[in-house]
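To start, the structure itself, in structure tokens.
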Amino acid sequence: MGTIGHYWWLIFVFGGTIGGAVRALGAWNERRAERRLERYRLRQEAKVALARAQSRARVDAESLERDLRRAVTEHQTTDDRWFGYETDLATILDYPMLVDLREPLTAEFHRARSRAELLRPSPDDTSPEAVERYRDAVHDYATALDVAEKEARRRRRGDFNPAEQERLARAQRLLNLAGDEAASPQERQQAYARARRELDGLIDLPAAGAAELEQRLRVALEGPARPDS
1027 MGTIGHYWWL IFVFGGTIGG AVRALGAWNE RRAERRLERY RLRQEAKVAL ARAQSRARVD
1087 AESLERDLRR AVTEHQTTDD RWFGYETDLA TILDYPMLVD LREPLTAEFH RARSRAELLR
1147 PSPDDTSPEA VERYRDAVHD YATALDVAEK EARRRRRGDF NPAEQERLAR AQRLLNLAGD
1207 EAASPQERQQ AYARARRELD GLIDLPAAGA AELEQRLRVA LEGPARPDS
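This is how it looks when you write it as structure tokens:
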């Protein structure tokens, strides 16, 4: 106890200071632990936020892809409906308004059709804005065809006088003959030429349908290809 015993009184001198230092050290350790926990919490929140953002991005990308697929499907369905008229020349004569570009509804339909095709996104541009413009254009195209088709079916040949209606009816019969493979090639060719004369000044046949029929007639006139001898 010797030497230490002589300095026992120092406990009263430095006791408060040592106690304060111990408490300060404890508080510092506590703050360091809190800061460590706070950094951990922030890192975890950042990870959660990143995961949510990535999930939203995947959902948005999938939604955008679905919108594009639906628009492409609707576009093709509408094209198929129109091509059904465009390539069936005899049937189109039941609804001549659909090929009369002087009619506002017909002109609007063809403008909407061109716009939808123009805005079809390329593989390199499938941004949300591009897909939205295309989707809206396809909707307008389908709607314009609906409206024009209903009006054409309502009016049929009612815009033509009796003599013109008779010409349309004759042209329709002749086009049916031109497309009849049971008839001779010469009969079919003559029927097509007469049908064009009947329609001259009344309506213009759709180019795609006329080109297809003319090609079939050429093949029929030329006959099957003969193998080289």
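In terms of my numbering, the numbers along the sequence shown are unbroken and rise by one, the last being 1255.
Even glycine gets a Cβ: it sits at the ideal position worked out from N, Cα and C.
Cβ-based burial, residue i [other Cβ within 10 Å; buried from 16]
| i | result |
| --- | --- |
| Trp1054 | exposed |
| Pro1188 | exposed |
| Pro1122 | buried |
| Val1157 | buried |
| Ala1059 | exposed |
| Pro1232 | buried |
| Ala1237 | exposed |
| Leu1119 | buried |
| Glu1112 | buried |
Contacting residues, own chain, Cβ-Cβ under 6 Å from residue i (five flanking each side not counted)
| i | result |
| --- | --- |
| Arg1139 | Tyr1167 |
| Arg1222 | none |
| Arg1159 | Leu1145 |
| Leu1068 | none |
| Leu1051 | none |
Beta carbon of residue i nearer than 8 Å to that of residue j
| i | j | result |
| --- | --- | --- |
| Gln1198 | Ala1116 | yes |
| Thr1104 | Leu1171 | yes |
| Arg1220 | Leu1200 | yes |
| His1101 | Ala1133 | no |
| Ala1179 | Glu1224 | Reading off the sequence shown, one finds Arg at residue 1179, where the question assumed Ala. Contact: no. |
| Asp1230 | Val1125 | yes |
| Arg1161 | Ala1097 | yes |
8 Å Cβ shell around residue i - same chain, five flanking residues per side excluded
| i | result |
| --- | --- |
| Pro1211 | Leu1243, Ala1246, Leu1247 and Gly1249 |
| Asp1206 | Arg1214 |
| Arg1092 | none |
Option in the options with minimal Cα separation from residue i
| i | options | result |
| --- | --- | --- |
| Pro1149 | Ala1059, Leu1094 and Asp1162 | Leu1094 |
| Ser1089 | Phe1109, Arg1067, Ala1234 and Ser1153 | Ser1153 |
| Val1164 | Glu1175, His1136 and Arg1180 | His1136 |
| Ala1234 | Ala1219, Thr1169, Ala1142 and Trp1108 | Trp1108 |
| Arg1128 | Arg1092, Thr1113 and Asp1185 | Asp1185 |
Contacting residues, own chain, Cβ-Cβ under 7 Å from residue i (five flanking each side not counted)
| i | result |
| --- | --- |
| Leu1203 | Ala1209, Glu1213, Arg1214 and Ala1217 |
| Arg1181 | Met1123 |
| Ala1083 | Summary for Ala1083: the model assigns pLDDT 45, below 50, so the residue's position carries little reliability; its value from the coordinates is reported in the next sentence. No residues qualify anywhere along the chain. |
| Leu1256 | Lying before the first or after the last residue shown, residue 1256 is absent from the chain, which here runs from 1027 to 1255. |
| Glu1190 | Leu1228 |
| Arg1183 | Pro1122, Gln1191 and Leu1194 |
Below-8 Å beta-carbon distance, residue i vs any chain D residue
| i | result |
| --- | --- |
| Ser1089 | In the structure shown, chain D does not exist; there is a single protein chain. |
**Whole alpha helix (DSSP H) elements within the segment 1127-1192, 4-residue minimum** = 1130-1144 and 1154-1181
**Asked** In the segment 1207-1236, which residue ranges form an unbroken alpha helix (DSSP H) of at least 4 residues, counting only runs that do not cross its ends?
**Response** 1211-1225
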